[in-house]
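A.B. asks: Sharing a structure below in structure tokens format, with a few things to ask.
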Amino acid sequence: MTEETPSFKRELLATLPSLRAFAVSLSGKHDKADDLVQDTVMKAWAKQTSYQMGTNLKAWLFTILRNEFYSQMRKRGREVQDSDGTFTERMAVHPSQYGVTDLADFKKALDALPDDQREAIVLIGASGFSYEEAAEICECAVGTMKSRVSRARTRLQGMLGVTGEADYGPDAVSAQVTSSPHFG
Amino acid sequence: MRDITKMNHMPPARSRRSDDGLGPNSDIGAKLRALFVSVQDEGIPDRFLDLLEQLDHAEQKAKAPTANAESE
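Protein sequence lines, in the order shown, are assigned to chains A and B.
Every letter in the first sequence is one number past the one before it in the numbering used here, and letter 32, counting from 1, is 246.
Every letter in the second sequence is one number past the one before it in the numbering used here, and letter 47, counting from 1, is 79.
This is how it looks when you write it as structure tokens:
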């Protein structure tokens, strides 16, 4: 048992940045997201004996965070999701291949999606989960996950006025995206 | 960390899908990842490092109430 703890902690730490990013996408706000991550870390720590080392810690943590988010929402009642006011400030100092307003607009569109569609497209498109893993995290069928992702994509394209792959221009942005070291 | 693919009875992760319209050539996919990465790259706030430190410490103490020897 004593050997498991440092390793569990290390793996937990390694997953925290992406767990936080998921929390921000769920709650829409940094401060709320961090509270959510904190609750998740404490829950996960308390439950760590039920986690088997060597299995998918990332999916396990995402599941706990997601459950925590929805149970808190049910308790508090649905708050209108107010887009992250601090986002633009944060982005302003973050080097990105996109302009700040460009991504801020995208975030607004993402926040406008229904919860189930937003989490689906984030888990699949950004967090690197397979459809099977994402379906397990969201406790739905793989087919449901696929259709949520597809609907989310269509809606985002509609809101942002793009039509998908064929539409993206021959601009420098796209070229940078594909060669960016961020996207491994 | 990367080779772990099983949660409960979850099947192994599939290789990258090509049909979901979120690949490297997709504007939506690229922006989604840029947004996600922008938060990821903020690093881990101190509050979480402190929290884990405290949790770890509390656990060590509970395990070895007399000798507090086993640290990492």
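The beta carbon of each residue, even a glycine, is placed where N, CA and C say it ideally should be.
Checking contacts by CB at 8 Å: is alanine 78 of chain B closer than that to chain A?
C.D. replies: It should be pointed out that residue 78 of chain B corresponds to aspartate in this sequence rather than to alanine. Answer no: the Cβ-Cβ gap between aspartate 78 of chain B and chain A never drops below 8 Å.
A.B. asks: Check whether chain A comes within 8 Å of aspartate 52 of chain B, counting only Cβ atoms and requiring the distance to be less than that.
C.D. replies: yes
A.B. asks: Measure the C-alpha to C-alpha separation of aspartate 78 of chain B and phenylalanine 276 of chain A and round it to an integer number of angstroms.
C.D. replies: Spanning the two alpha carbons is a distance of roughly 21 Å.
A.B. asks: Does any CB atom of chain B fall closer than 8 Å to the CB of lysine 289 of chain A?
C.D. replies: no
A.B. asks: The alpha helix (DSSP H) that contains methionine 287 of chain A, what's its start and end?
C.D. replies: 271 to 290
A.B. asks: Exposed or buried, which one is aspartate 329 of chain A when buried takes at least 16 other CB atoms within 10 Å?
C.D. replies: exposed
A.B. asks: Tell me which residues share the same chain as alanine 380 of chain A and place their Cβ nearer than 7 Å to its Cβ, disregarding the 5 neighbours each side in the sequence.
C.D. replies: Confidence at alanine 380 of chain A is low in this model, with a pLDDT of 46, below 50, so the placement of that residue is unreliable and no value is reported for it.
A.B. asks: Tell me, to the nearest whole angstrom, how far the beta carbon of leucine 279 of chain A is from that of leucine 324 of chain A; I am working on the premise that it is less than 8 Å.
C.D. replies: The pair is not a contact, with the Cβ atoms about 18 Å apart (cut-off 8 Å).
A.B. asks: Going by Cα to Cα distance, which pick from A/Glu350, A/Lys321 and A/Gly372 is closest to valine 71 of chain B?
C.D. replies: A/Lys321
A.B. asks: How far does the alpha helix (DSSP H) with alanine 355 of chain A in it reach, from first residue to last?
C.D. replies: No alpha helix (DSSP H) holds alanine 355 of chain A; DSSP gives it neither H nor E.
A.B. asks: Restricting to Cα atoms, I'd like to know which of A/Gly372, A/Gly375, A/Met373 and A/Arg367 is closest to glycine 53 of chain B.
C.D. replies: Minimum Cα distance to glycine 53 of chain B is reached at A/Arg367.
A.B. asks: Buried or exposed: where does threonine 184 of chain A fall if 16 or more other Cβ atoms within 10 Å of its Cβ makes it buried?
C.D. replies: Because chain A in this structure spans residues 215 to 398, residue 184 of chain A falls outside the shown range and cannot be described.
A.B. asks: With respect to 7 Å, is the separation between the Cβ of threonine 358 of chain A and the closest non-hydrogen atom of the ligand NAP below this value?
C.D. replies: The ligand NAP is not among the ligands present in this structure, which contains no ligands whatsoever.
A.B. asks: Run through DSSP, which three-state label would proline 43 of chain B get?
C.D. replies: Residue placement at proline 43 of chain B is flagged as unreliable, the pLDDT there being 41, under the threshold of 50; the coordinate-derived value follows with that caveat. Three-state DSSP puts proline 43 of chain B in coil, outside helix and strand.
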